[in-house]
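Each residue of the sequence shown is one higher than the last, beginning at 0 in numbering that gives the first Met the number 0.
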Amino acid sequence: MKNWMAACCMGLLLSAQQAYAASSSGCENGGFTVLGKSGAQTVSVAPGSVASTFRVQGRYIQFDVDAASFGVLNYVMTGVANKKDITGGRATPVFDSKLPDHRGLFLNSAVKVELSDSADIVLTRTGPGLTMKIQAKDCANGGIFQMEVARADETKTVFTHKLAQSAFYFDNRNFRNREGEVVPFKDTTLTIGPRINFGNDYSSKFVGRDSPQFADRIAEPLCTNNIATRTGGVARVQHCGGVSQWSVASGGRMGQVMGEDATEVAPPATACTHKCQAQNQTQGAAVVLGFPFPVADADRLKPRFAQ
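And the structure:
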């Protein structure tokens, strides 16, 4: 238990200002309504007032939450006008689900709701041996979502991310063709590695990526893709086109980064467990490689699901 609490609280050593936040222009007039609550406040909603599934509704983002697991369903970018919009002005499904496998544990406490004036929401719920937290920003792009888990037994939790039908994972050719190059970053340099993004076929700016902290992707041999490299070789990428699975440490989390920030060359997010977003702030210091649109069939990961 002591180690579990230490893992949960480790991020308190880091400044909240270090956490990535979507640019304020992308969050204009944003803000969430959930469980009948809106506007800046912190409140606990009693278990008897929490439906089995409830909606988190924002101006730019909406999704549903399974109350017993804090799994997320039907994550959609609404397409409401914003100069940072990446949807082309249309409602755009992103994820069908993001589901944690708690292996028999469940959440049953009151739901703590923290709403801010800056389009942020934090939802927290506990159960015997289990704590889940969802953090989100009601913004048109950037690091806008994060789900984290802590278990009293300190074991890992498998998160399964299933994309919406219109979205797909792909090996980003702009990264693959420059793999191994060294680029500047702040006062140092970084080596470009491969990048898995997700996108769709109808929004030329729509791009995102899964952002792990204390989490590792579970390779899927049944979805083995041979991706051409810049040297003429082949990289074997074991990743399905419509789903990814992640082994998340207790105290770890899975973030979601959308738009330009999903295609920048930056170091992995540092350890943080308190009001963190999916990626540390780079403040324009990172090289942005973008992504090809439309995505070539050879770079789309297949099959969509393991067969």
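Backbone N, C-alpha and C fix where the C-beta goes; we use that ideal spot for every residue, glycine too.
Roughly how many angstroms lie between the CA atoms of A285 and M257, to the nearest whole one? Against the sequence shown, residue 285 aligns to sequence position 286. Against the sequence shown, residue 257 aligns to sequence position 258. If I take the Cα positions, the gap works out to 15 Å.
Hey, L114 and K36 are a contact pair by Cβ (cut 8 Å); roughly how many whole angstroms apart? In the sequence shown, counting from the first residue as 1, residue 114 sits at position 115. In the sequence shown, counting from the first residue as 1, residue 36 sits at position 37. That belief holds up - the Cβ atoms of L114 and K36 are roughly 6 Å apart, short of 8 Å.
Can you find at least 3 beta carbon pairs, one from the stretch 124-137 and one from the stretch 148-157, that sit closer than 8 Å? yes
Nearest to N73 by alpha carbon, out of A261, F197, A66 and R54? Mapped onto the sequence shown, residue 73 falls at position 74. If we check each option's Cα against that of N73, R54 comes out closest.
Who does L189 pair with in a DSSP beta bridge? To locate residue 189, count along the sequence shown from 1; it is residue 190. Looking at the DSSP assignment, L189 forms a beta bridge with V182.
Given a threshold of 16 other Cβ atoms within 10 Å of its Cβ, counted over all protein chains shown, does L104 qualify as buried or as exposed? Working through the sequence shown from its first residue, we reach residue 104 at position 105. With 16 or more Cβ atoms within 10 Å of its Cβ, L104 is classed as buried.
Can you grab the Cα-Cα spacing for the pair G29 / G231, in whole Å? Position 30 of the sequence shown, counting from 1, holds the residue named residue 29. Position 232 of the sequence shown, counting from 1, holds the residue named residue 231. Each residue's alpha carbon lies about 47 Å from the other.
Three or more C-beta pairs below 8 Å linking the stretch 240-249 and the stretch 166-176: yes
Note down, in chain order, each residue of its chain lying with its Cβ closer than 7 Å to the Cβ of M76, except the 5 sequence neighbours on either side. Here residue 76 refers to the residue found at position 77 of the sequence shown. The residues are Y59, I60, T86, T91 and V93.
May I ask you to verify whether the stretch 260-268 touches the stretch 186-193, counting CB pairs closer than 8 Å and requiring at least 3? yes
Please name the residue in S68, P46 and D296 whose C-alpha comes closest to that of V313. Nothing can be reported for residue 313, as the shown portion of the chain is limited to 0 through 306.
When we look at the beta-carbon of G25 and count the other beta-carbons within 10 Å, is it buried (16 or more) or exposed? Start at 1 with the first residue of the sequence shown, and residue 25 comes out as number 26. Under this definition G25 is a buried residue.
Give me whichever residues DSSP pairs with T130 in a beta bridge. As a position in the sequence shown, residue 130 is number 131, starting the count at 1. The partner list for T130 (beta bridge, DSSP) reads T125 and A149.
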